[in-house]
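Residue numbers 4 to 266, in my numbering, belong to the letters of the sequence shown in order.
Note that CB positions come from ideal geometry on N, CA and C, so glycine has one too.
So the structure is just underneath, and the comments pick up after that.
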Amino acid sequence: MSVEDEGGGSRGIQSIEVGGRLLRALVHLGRPAPLKELAGEADMAPAKAHPYLVSFGKLGLIAQDPATGQYGLGPLALQMGLISLQQVDPIRLASAELPALARQIGQTVGIAIWGNRGPTFVRLEEGPTAVHVNMRHGTVVSVRGTASGRLFAAFAPREQVLQALKDEAAHAPAGAKPPKGIDASFEAELAQVRAQRFASVDGGTVEGISALAAPVFDGFGAMVLALTAIGPRASLDPSPEGAAAQLLRASAAALSRRLGARG
Numbered sequence: 004m005s006v007e008d009e010g011g012g013s014r015g016i017q018s019i020e021v022g023g024r025l026l027r028a029l030v031h032l033g034r035p036a037p038l039k040e041l042a043g044e045a046d047m048a049p050a051k052a053h054p055y056l057v058s059f060g061k062l063g064l065i066a067q068d069p070a071t072g073q074y075g076l077g078p079l080a081l082q083m084g085l086i087s088l089q090q091v092d093p094i095r096l097a098s099a100e101l102p103a104l105a106r107q108i109g110q111t112v113g114i115a116i117w118g119n120r121g122p123t124f125v126r127l128e129e130g131p132t133a134v135h136v137n138m139r140h141g142t143v144v145s146v147r148g149t150a151s152g153r154l155f156a157a158f159a160p161r162e163q164v165l166q167a168l169k170d171e172a173a174h175a176p177a178g179a180k181p182p183k184g185i186d187a188s189f190e191a192e193l194a195q196v197r198a199q200r201f202a203s204v205d206g207g208t209v210e211g212i213s214a215l216a217a218p219v220f221d222g223f224g225a226m227v228l229a230l231t232a233i234g235p236r237a238s239l240d241p242s243p244e245g246a247a248a249q250l251l252r253a254s255a256a257a258l259s260r261r262l263g264a265r266g
């Protein structure tokens, strides 16, 4: 049976959409579940859900544990997920969002990844407000003194972060040597970054310039890039509750979902 969507668009198969609620419910639960619980999560009666599960099982989208009777994702679903992750390029997806994000925030925005020498900007999109910062594609920034650097310090593998901090301290000007590792004060800041999934600096490496950053995660829970906004302190609110922070975090969360991240 086919149906017309509310917007008058392409027709679909209603029974597939109904059965798809079970797949969505299983993803939402995040674990194998018995028939009654899975049907309840999909808002349908167990007797109605069971035939769909049988068909999905024949396709390999769902597998039933013979010992417990619970339903989980099947081999075809796992293969589809892995292929989807292989086909998605995080930088390409994020780059497409930068022009609109720069207009919405009204500041320069960019993408930073973890490169060979630490946090590295690979894309920049200038906003309507000029920022006089020596920043270009390929610029490596401070782990400790930048918003994107602090995000990576909070979420990247600890050994990588410690090595980058050690190198950063070794190349710092005499008389301004930062700690080579993560002291108690910086550890407390990183804990807050993890809790908020957000980092900001106000006049960090450049006086009068604020920066905000939000993390983008992949389907394996790894942080793949930082979305960053940079602007004059007078026009860029660095607080987590500010409008720019909300836009940045919403965009990062949406990208994370497209990359398969959960919650």
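Note: Met83 is not bridge-paired with any residue in the DSSP secondary-structure output. When the alpha-carbon of Val227 is set against those of Leu258, Pro241, Leu85, the nearest one is in Leu258.
In the structure shown, Gly75 falls within a strand segment according to DSSP collapsed to helix, strand and coil.
Pairwise C-beta distances place the region 111-119 in contact with the region 227-242, as three or more of them are shorter than 8 Å.
In the DSSP assignment, Gly234 falls outside any alpha helix (DSSP H) and lies within the beta strand (DSSP E) extending over 226-235.
About 6 Å separates the beta carbon of Ile94 from that of Val125, a gap short enough to meet the 8 Å contact definition.
Counting of Cβ neighbours within 10 angstroms places Val30 among the exposed residues, the total staying below 16. Taken in chain order, the complete beta strand (DSSP E) segments of 3 residues or longer contained in the region 109-170 are 111-118, 121-128. The Cβ-Cβ distance between Gly77 and Tyr55 does not fall below 8 Å. Rounded to whole angstroms, the gap between the alpha carbons of Ala216 and Ser254 is 11 Å.
DSSP, reduced to helix, strand and coil, places Ser242 outside both helices and strands of the structure shown, so it counts as coil.
Judged by DSSP secondary structure, Ala66 falls within the beta strand (DSSP E) whose first and last residues are 65-67.
DSSP places Ile19 in the uninterrupted alpha helix (DSSP H) bounded by 17-32.
Pairing Arg200 with Leu168 gives a Cβ-Cβ distance that is not under 8 Å. The C-beta distance from Ala232 to Ala247 rounds to 6 Å, short enough to fall under 8 Å.
The criterion of a C-beta distance shorter than 8 Å is satisfied by Gly75 and Pro35.
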